[in-house]
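K.L.:
Numbering (this note's numbering), first residue to last: 333 to 458. Every residue gets a Cβ at the ideal spot worked out from N, C-alpha and C, and that includes glycine. What follows is a single structure, and I will ask about it in a moment.
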């Protein structure tokens, strides 16, 4: 019984380093370089929305909050979004893209997710 109590106390003492992890890891680093400065002005007749609010997800796992095994990245979330819809052979693009990152901290591990939601539009030929 004493060994079990000692083990539980050791786990409780080890918990604060998980919550006080390096700021780089808590904020979702490593970040990938993305170009969010591109804009295209589309008139209402230039496109049709084929999948509104399509959703893609990427999951990550970190041991002790600082040792990454799997990153939750935007690129994997967008790839998952395209896998969930059928747009093969169409001139498509993403519009109204929204990204959300979330982390759940536990004593021995951290689960991270990156969710991407976007409208899939088909561009029309003129």
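Identify the continuous alpha helix (DSSP H) that holds residue 396 and give its terminal residues.
P.N.:
Here residue 396 refers to the residue found at position 64 when the chain shown is read from its first residue. Segment: none, residue 396 is in no alpha helix (DSSP H) and carries neither H nor E.
K.L.:
Taking the alpha helix (DSSP H) that residue 409 falls in, what are its first and last residues?
P.N.:
In the chain shown, residue 409 corresponds to position 77, counting from 1. From DSSP, the alpha helix (DSSP H) with residue 409 extends over 406–415.
K.L.:
Can you give me the start and stop residues for the beta strand (DSSP E) that residue 449 sits inside?
P.N.:
Locating residue 449 in the chain shown gives position 117, counting from the first residue. First-last of the beta strand (DSSP E) with residue 449: 441–455.
K.L.:
Please classify residue 422: does DSSP put it in a helix, a strand, or coil?
P.N.:
Walking along the chain shown from the start, residue 422 turns up at place 90. Coil at residue 422, not helix or strand.
K.L.:
On a CA-only basis, which of 429, 424, 396 and 419 is nearest residue 406? Give me that one, please.
P.N.:
In the chain shown, residue 406 corresponds to position 74, counting from 1. If we check each option's Cα against that of residue 406, 429 comes out closest.
K.L.:
Tell me which same chain residues have a C-beta within less than 6 Å of the C-beta of residue 408, skipping the five on either side of it?
P.N.:
By 1-based counting over the chain shown, the position of residue 408 is 76. So the list reads 390, once near-sequence residues are dropped.
K.L.:
Beta-carbon of residue 412 versus every beta-carbon of chain B: anything under 9 Å?
P.N.:
Note that chain B does not occur in the displayed structure, where there is just one protein chain.
K.L.:
Can you give the Cα-Cα distance for residue 395 and residue 402, rounded to whole angstroms?
P.N.:
Residue numbering aside, residue 395 sits at position 63 when the chain shown is read from its first letter. Residue numbering aside, residue 402 sits at position 70 when the chain shown is read from its first letter. Computed Cα separation, rounded: 10 Å.
K.L.:
Taking 7 Å as the limit between beta carbons, can you name the residues of its chain near residue 425, skipping five residues before and five after?
P.N.:
Numbered from its first residue, the chain shown carries residue 425 at position 93. Only 453 and 455 meet the Cβ criterion.
K.L.:
Ordered along the chain, which non-local residues of its own chain (more than five positions away) have a Cβ less than 7 Å from that of residue 417?
P.N.:
On the chain shown, residue 417 is found 85 positions in, with the first residue counted as 1. Answer for residue 417: 383, 386 and 452, listed in chain order.
K.L.:
Buried or exposed: which applies to residue 434, given that a residue is buried once 16 or more other Cβ atoms fall within 10 Å of its Cβ?
P.N.:
For the purposes of this step, residue 434 is identified with residue 102 of the chain shown, where counting begins at 1. Exposed: under 16 other Cβ atoms inside 10 Å.
K.L.:
I need the DSSP call for residue 375, collapsed to helix, strand or coil.
P.N.:
What you label residue 375 is simply residue 43 of the chain shown in a count that begins at 1. Three-state result, residue 375: coil.
K.L.:
Could you name the residues of the same chain whose beta carbon sits closer than 8 Å to that of residue 414, not counting the 5 residues immediately before and after it, in chain order?
P.N.:
Stepping through the chain shown from its first residue, residue 414 is reached at position 82. For residue 414, where only same-chain residues beyond five positions count, the Cβ hits under 8 Å are 388.
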